[in-house]
Amino acid sequence: MSIQELAELSLKKAVLIDFWAEWCGPCKTFGPILDKVAAKFTNGLHLEKIDVEENQDLAAQFRVQSIPTIVLLSEGKISGVSQGALSEAELEKWLIKHLPDLQADNQDSDWRKYLEALPPVPDERRSDQLEQWLRVNPEDKDLQLEYLRAVSFSQPEDGVAFLNEFEAANENHWLVPYFRNLLDELISNKCEAVTDDKSLVVKLIKDKDLNRLAQTFTEFAADGSINANDDLKKLAVAFFTCLGDGHPVSKKYRKLFNMYLS
11 MSIQELAELS LKKAVLIDFW AEWCGPCKTF GPILDKVAAK FTNGLHLEKI
61 DVEENQDLAA QFRVQSIPTI VLLSEGKISG VSQGALSEAE LEKWLIKHLP
111 DLQADNQDSD WRKYLEALPP VPDERRSDQL EQWLRVNPED KDLQLEYLRA
161 VSFSQPEDGV AFLNEFEAAN ENHWLVPYFR NLLDELISNK CEAVTDDKSL
211 VVKLIKDKDL NRLAQTFTEF AADGSINAND DLKKLAVAFF TCLGDGHPVS
261 KKYRKLFNMY LS
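Residues in the sequence shown are numbered consecutively from 11, following our numbering.
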């Protein structure tokens, strides 16, 4: 195929190009892995193998300097490039990272192994992908919670609707009050000036500035001012609880926040 033909094909489905050669040892190891992974995503991914010895001009157009090299085309453009062989898990994570909407043909229920490749909250691509997985596994409680975490920060109105459904199916679940507290602030129409600690954090919540929000809560806990405002304290605890321990912001601030709060 020519570069033009590959670009046109990528308008219909993503194209994964494998640049290889017969003499390349790592290519022989990586080739079967590519075949296996590509076979899982045939509805949304086309694998094209290019022998660099027979297609030197095409390899030069893609600026291939070493092999194996894989190039991902999507919507007529290069979405990602990777040099060197990858493991099956690494390749799948790489694909999901660059193609968040990519779905396995058999709708693999083990969504956890793809989770790390998704952008963190509050990126809407995370909640959109989790919603797709949830359609396939609607009874998966862990997946429901992951989606609730994501959608609460990215699309709070949808978060409220899903929280209502979750609460109806999981009466007295311990996380519900925390999400309710957080979402009440996220969907509030108040546009108050920043005049006190509470109005500052409400503004940061609405701006989705999670790093500064966590830093601010931690500072309030450190100087003790958070203990004088019960609503602010509850909101801070709800924020960290709903965000989850795995989020980069939680990893950075939550232990410190808890230490000052105790």
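Cβ atoms here follow ideal geometry from the backbone N, Cα and C, with glycine treated the same way.
Out of D120, W143, I106 and K151, the CA that lies nearest to the CA of P129 is found in I106.
In the three-state reduction of the DSSP assignment, V170 falls in the helix class, which pools H, G and I. By the C-beta criterion, the region 18 to 33 is judged to be in contact with the region 56 to 66, since at least 3 inter-stretch pairs fall below 8 Å. Under the criterion of beta carbons closer than 8 Å, E85 and S20 qualify as touching, at roughly 6 Å.
The distance from the Cβ of Y157 to that of A248 is about 18 Å, inconsistent with a contact at the 8 Å cut-off.
Under the DSSP definition of a beta bridge, S84 partners with K87. The continuous beta strand (DSSP E) containing H56 extends over residues L55 to D61. Across the structure, H257 and A127 are spaced so that their CA atoms are roughly 13 Å apart. Under the three-state reduction of DSSP output, I236 falls in the helix class. Spanning the alpha carbons of L83 and F72 requires a straight line of approximately 11 Å.
By the criterion of a C-beta distance shorter than 8 Å, Q142 is surrounded in its chain by D111 and Q113, once the five residues flanking it on both sides are discounted. Restricting attention to K218, L242 and D217, the CA atom closest to the CA of T228 is found in L242. The Cβ atoms of P166 and L193 sit closer than 7 Å to each other. In the three-state scheme derived from DSSP, where H, G and I count as helix and E and B as strand, T226 is classed as helix. For W30, the uninterrupted beta strand (DSSP E) segment begins and ends at A24 to W30. C34: not part of any alpha helix (DSSP H); DSSP gives it neither H nor E. Shown here, S260 sits in a helix according to DSSP, grouped into three states.
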